[in-house]
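Chains as they are written, first to last, in the working numbering: chain X, 1 to 264; chain F, 1 to 396. Below: the structure, in structure tokens.
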């Protein structure tokens, strides 16, 4: 994604300088990244961009987006991205979010349901529907990195970061992304207790996607999550973990494009 | 110089190390026998009382979900010590206020101990080591900001005597703060803050609180004290910073013979060698500054202390300046060398018990230090000496 809007004056919202990428043309999609941040070479976004205008912001505190002292929740970020839509003059978009980006997307869709024609949530977190004495999402802040890698990916070896090949700046960004994730998802862990009582407001047809090897977001979790949204369906992507858009970009993009087109 | 006897109240009767992942956070408490634990509490309280009898002051701290320090509520032990002792100063170092949800409750606890002890409290505050965030479920991001807001609120709660005030801050909210009792010492007990980074020390210096640093050795201590002095001067507190604003925590064992001292020192090393903690507990996101995180991800290991768990020997620990051990002469000279190197300090915080160092051995170490080393330290390093590089101290 070379077509960076950011630069010059940048996109400044509530004092936050947002890093913003854009690809393709046509009907707009807002794509909200997960905890790993925007991947500049994301094949999934490229595939969507063949048919759509895809807008990809880095959330505050991720990538090169700044993080103000007052911001500390997913709810805060949802408000920032709603204002981003205003700033771009977009009255209605298709909204896609993955992992923690799915949580942000779900929050946005409860606040202004009419602004979203379709909602796609890929391995989203954000609700707590299981028992009090068991985490809905395994505690990624209390496990060895190698175990986390295995929960994240169907093929963990293929996606192990080659630290030697990365610049200090890239590594610092990785560390900062993780720090911001902790800031917004530490407690309550990976959810907003209010969200499940607000999801009935979502009016867009909604597609939940899950990689079948996802070790963080279980099938049961997504089934319970999907039942909270009036018009939701579920699909599974084979040979993929928590990031099917990365491990199976073609299949995932095809499913998403079919969903967006089929119900248009 | 003031010396303080410090004991972590460790519970050392553990299964073989290879049988558990971590001595902190996750070690199941089925490994803790409450009857043995009760005997240990008796013993450690006795040792603090013996230290008092020998003219040494008392220090304690707090950790959670760990066998290394079974004192998860230091204010409770402080309350017991307030009644068991009569003259020693009582230093808690400290209250982990970045992990406590109610700073006003901390202000109450400390004011109560100050009254119970008739004004002997020295009140320390700490950010908390990284593996404390999981037991407290405390967000590791923005801990410094929480710590400072909490400390300022506590000092205000101590010093405000005219009925309720309100506090609507970034992290804490109280509409009616009006603590009872108020502190015995006026305006409030001496405040201590521990930090092991120059950035943190500078901020402590601006307030003039006592700065304590733990096991930072020859490698890091001077920079921390320099930063403290810079903060002190920038805040307009004057050019000279007395050594009694600076404290250093070490492992220390003095014995009548080299052989006795060596045996005690070897056992004290348990404090370092037992600290088996996996990286995911040591480095929670946001705890370390970005540059340190980059190095970690690149595979560097950070030695929390100047000698690390893997290579800890008595000789290395002495060489690094994190342990003083030997005959009284040897210990005095080791401390003098370190004192001169770092620019002076007024408080020696002595880890005088660890692991399997038995009661008799602990007491022998306390007595040997108190009778044969401490008087020389008091003579050589007066409390109101000026800290800093040797030239500055001579001129002052």
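Cβ coordinates follow ideal geometry from the N, Cα and C atoms, glycine included.
Neighbourhood of residue i by C-beta distance below 6 Å, restricted to the same chain and skipping five residues each side
i: residue 19 of chain X; result: 6, 58, 63, 64 and 65
i: residue 181 of chain X; result: 35
i: residue 212 of chain X; result: 236 and 238
i: residue 25 of chain F; result: 65, 131, 134 and 281
i: residue 217 of chain F; result: 306, 320, 321 and 322
i: residue 125 of chain F; result: 94, 95, 97, 151 and 193
i: residue 33 of chain X; result: 101
i: residue 260 of chain X; result: 94 and 118
Residue i: first and last residue of the uninterrupted alpha helix (DSSP H) it sits in
i: residue 44 of chain X; result: 43-49
i: residue 280 of chain F; result: 279-282
N-terminal and C-terminal residue of the beta strand (DSSP E) that residue i is part of
i: residue 353 of chain F; result: 347-353
i: residue 94 of chain X; result: 93-98
i: residue 53 of chain X; result: 53-57
i: residue 4 of chain F; result: 2-7
i: residue 205 of chain X; result: Neither: residue 205 of chain X is in no beta strand (DSSP E) and is coded neither H nor E.
i: residue 381 of chain F; result: Neither: residue 381 of chain F is in no beta strand (DSSP E) and is coded neither H nor E.
i: residue 365 of chain F; result: Segment 359-372 is the alpha helix (DSSP H) holding residue 365 of chain F; no beta strand (DSSP E) there.
i: residue 58 of chain F; result: 57-60
i: residue 168 of chain F; result: 165-168
Buried or exposed by the 16-neighbour rule on C-beta atoms within 10 Å, applied to residue i
i: residue 255 of chain X; result: buried
i: residue 118 of chain X; result: buried
i: residue 163 of chain X; result: exposed
i: residue 347 of chain F; result: buried
i: residue 286 of chain F; result: buried
i: residue 76 of chain F; result: exposed
i: residue 70 of chain X; result: exposed
i: residue 173 of chain F; result: exposed
i: residue 12 of chain X; result: exposed
i: residue 9 of chain F; result: buried
i: residue 254 of chain F; result: buried
i: residue 29 of chain F; result: exposed
i: residue 244 of chain F; result: buried
i: residue 173 of chain X; result: buried
i: residue 138 of chain F; result: buried
i: residue 343 of chain F; result: buried
i: residue 333 of chain X; result: Absent from the structure is residue 333 of chain X, since the part of chain X shown begins at 1 and ends at 264.
i: residue 213 of chain F; result: buried
i: residue 164 of chain F; result: exposed
i: residue 167 of chain X; result: exposed
i: residue 203 of chain F; result: buried
Of the residues the options, the one placed nearest residue i, counting alpha carbons only
i: residue 190 of chain X; options: X:103, X:132, X:83 and X:46; result: X:103
i: residue 79 of chain F; options: F:61, F:55, F:114 and F:53; result: F:114
i: residue 37 of chain F; options: F:283, F:352 and F:69; result: F:69
i: residue 128 of chain X; options: X:122, X:121 and X:137; result: X:137
i: residue 34 of chain F; options: F:162, F:13 and F:23; result: F:13
i: residue 158 of chain X; options: X:146, X:168 and X:67; result: X:146
i: residue 215 of chain X; options: X:234, X:241 and X:156; result: X:241
i: residue 140 of chain X; options: X:179, X:120, X:155 and X:115; result: X:179
i: residue 23 of chain F; options: F:39, F:3, F:63 and F:67; result: F:67
i: residue 264 of chain F; options: F:184, F:359, F:239 and F:248; result: F:359
i: residue 106 of chain X; options: X:39, X:81 and X:86; result: X:81
i: residue 210 of chain X; options: X:247, X:68 and X:83; result: X:247
i: residue 85 of chain F; options: F:56, F:101, F:108 and F:71; result: F:56
i: residue 108 of chain X; options: X:76, X:152, X:72 and X:171; result: X:76
i: residue 215 of chain F; options: F:61, F:317 and F:88; result: F:317
i: residue 68 of chain X; options: X:243, X:14, X:229 and X:250; result: X:14
i: residue 30 of chain X; options: X:39, X:96 and X:45; result: X:96
Same chain, Cβ closer than 7 Å to residue i, neighbours up to 5 away in sequence not counted
i: residue 201 of chain X; result: 110 and 113
i: residue 112 of chain F; result: 181
i: residue 188 of chain F; result: 155, 158 and 159
i: residue 199 of chain X; result: 106, 110, 228 and 229
Cβ neighbours of residue i in the same chain (closer than 8 Å, five flanking residues each side left out)
i: residue 224 of chain X; result: 127, 129 and 130
i: residue 242 of chain F; result: 346, 383, 384, 385, 386 and 387
i: residue 145 of chain F; result: 170 and 171
i: residue 60 of chain X; result: 16, 18, 66, 67, 68, 71, 76, 77, 80 and 180
i: residue 140 of chain F; result: 130, 133, 284, 285, 286 and 287
Taking a cut of 7 Å between CB atoms, which residues from the region 271-294 of chain F lie near chain X? 278, 280, 284, 285, 286, 290, 293 and 294
May I ask you to list, following chain order, the residues of the region 138-161 of chain F that have a beta carbon less than 9 Å from some beta carbon of chain X? 138, 139, 140, 141, 142 and 145
Which residues, taken in chain order from the region 11-44 of chain F, show a beta carbon closer than 7 Å to some beta carbon of chain X? none
Against chain F, which members of the region 183-205 of chain X pass a CB distance test of less than 7 Å? 183, 186 and 187
Interfacial residues, the region 153-171 of chain X to chain F, with Cβ spacing under 7 Å: 163, 168 and 171
Residues in the region 108-136 of chain F having any Cβ partner in chain X nearer than 8 Å: 134
Residues of the region 21-53 of chain X whose Cβ lies closer than 9 Å to any Cβ of chain F, in chain order: Within the region 21-53 of chain X, no residue has a Cβ that lies closer than 9 Å to any Cβ of chain F.
For the region 121-151 of chain X, enumerate the residues whose C-beta is nearer than 8 Å to any C-beta of chain F, in chain order. Cβ contacts with chain F come from 141, 142, 143, 144 and 145.
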